[in-house]
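Single-structure report; data block below.
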Amino acid sequence: MQTVRKEVRGLNKQDLNIIDQRAKAEGTSTNELLRIVITDYARRIREDDATNVLHSYLDDLIMANNNVVHGLNDNTIAIGEMFKTILARLEMYFPDLNDEVERIQKNARPQEKKLPKSIDFDEFE
86 MQTVRKEVRG LNKQDLNIID QRAKAEGTST NELLRIVITD YARRIREDDA
136 TNVLHSYLDD LIMANNNVVH GLNDNTIAIG EMFKTILARL EMYFPDLNDE
186 VERIQKNARP QEKKLPKSID FDEFE
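This note's numbering applies: residue 86 is where the sequence shown begins, and numbers increase by one.
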């Protein structure tokens, strides 16, 4: 491990005594406790910087996703209107076509399943 010396000005002696007492209580040296505190603080600063970068990317992704969803919604509405127009025109030429469309729509929807009656566990006693 590399030795680095840094002079700290304006530090209160009582604060240093508190750090000395804490180091003794934890069974470590004052130097080791200060190293841990400084290292931990530096790690938190790096994490905060990384978080800010990631947040900007996530915000961009969310906006892009919202734009895609809005585009899909608009396209769905446009396609639906287009099909209404096509079906209205076809209805003029094929009057029975509406019944066929309704039959297809009914078959395309999921049917309700008939579930078996619930099991009564008291029967098995």
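Idealized CB from N, CA, C, for every residue including glycine. Here the structure is a predicted model, which is why all the values come from computation and not from measurement.
Please report whether the beta-carbon of T170 lies at a distance below 8 Å from any beta-carbon of chain D. You won't find chain D in this structure, because it holds only one protein chain.
Taking DSSP as the reference, what is the three-state secondary structure of E117? helix
DSSP three-state label for N137, please. helix
Where R131 and V89 are concerned, what is the direct C-alpha to C-alpha distance, given to the nearest angstrom? Between the C-alpha atoms of R131 and V89 there is a straight-line separation of about 20 Å.
In the DSSP assignment, find the alpha helix (DSSP H) that holds N97 and state where it starts and stops. Unbroken run through N97: none, as it is neither H nor E.
From the DSSP output, in three-state form, read off E111 for me. Three-state DSSP puts E111 in coil, outside helix and strand.
Between L118 and I104, is the Cβ-Cβ spacing less than 8 Å? yes
By alpha-carbon positions, which one of D145, R129, D100, Y126 ends up nearest to T115? D100
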